[in-house]
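Q: One structure coming up, written as structure tokens, with questions to follow.
In this note's numbering, the protein residues as written are 62 to 216.
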């Protein structure tokens, strides 16, 4: 899915920019888990799952773990998500995309350049933009759920 109105001139994003949250919410409807994306659905879902885990949104983790399971993403991948860098269950592209998701959510100034170079070498500009929007919109929604005090009840 091309995003002709978005150009990638750098890999850093600044969430305090005017109208940032509004733009992220708009993109969530375009790049959410029910949409056709240029990256694989499983890669997009692994990125979403990493974001919600790192964001500490339990409700989001439950939901996105269920979605990942329904998509037949191996439980081994989900259980090794925290150790993606050293795990042999992830492909190189998955590791690079997860590194990018991780740095966008938590920041990693010392490792970002290495991650960014690998990202540019392995993904098109359109896919990088798509990944950034997936991560940033997921982070925004996770934060919104946390702000509202959303919790998950097991029945």
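Every residue gets a Cβ at the ideal spot worked out from N, C-alpha and C, and that includes glycine.
Since the structure is predicted, the reported quantities are computational estimates derived from the model, not experimental observations.
Enumerate in chain order the residues of its own chain whose CB-to-CB distance from residue 132 is below 7 Å, with the five nearest sequence positions on each side excluded.
A: So the list reads 102, 103 and 106, once near-sequence residues are dropped.
Q: Touching or not, the segment 174-191 and the segment 120-132, by the rule of three or more beta carbon pairs under 8 Å?
A: Contact fails: fewer than three Cβ-Cβ distances are below 8 Å.
Q: Rounded to whole angstroms, what is the Cα-Cα separation between residue 143 and residue 111?
A: Near 8 Å, if we compare the C-alpha coordinates of residue 111 and residue 143.
Q: Roughly how far, in whole angstroms, is the beta-carbon of residue 150 from the beta-carbon of residue 137, given that I think they are within contact range, below 8 Å?
A: The pair is a contact, with the Cβ atoms about 5 Å apart (cut-off 8 Å).
Q: With DSSP collapsed to three states, give me the class of residue 133.
A: DSSP places residue 133 in coil when its eight states are reduced to three.
Q: What runs of the alpha helix (DSSP H), each 4 residues or longer, lie entirely inside the segment 96-172?
A: You should have 102-115, 119-131, 136-140 and 153-167.
Q: Please tell me whether residue 192 and residue 100 are closer than 8 Å, where the distance is taken between their beta carbons.
A: Going by C-beta atoms, residue 192 is nearer than 8 Å to residue 100.
Q: Spatial neighbours of residue 173 within its chain, please: CB distance less than 7 Å, with the 5 preceding and 5 following residues excluded, ordered by chain position.
A: The answer, listed in chain order, is 164.
Q: Going straight from the alpha carbon of residue 159 to that of residue 210, what length do you get?
A: Roughly 27 Å between the two C-alpha positions.
Q: Report back the beta-carbon spacing between residue 166 and residue 123 to the nearest angstrom; my notes put them in contact at under 8 Å.
A: Going by Cβ atoms, the distance from residue 166 to residue 123 rounds to 18 Å, so no, they are not a contact pair.
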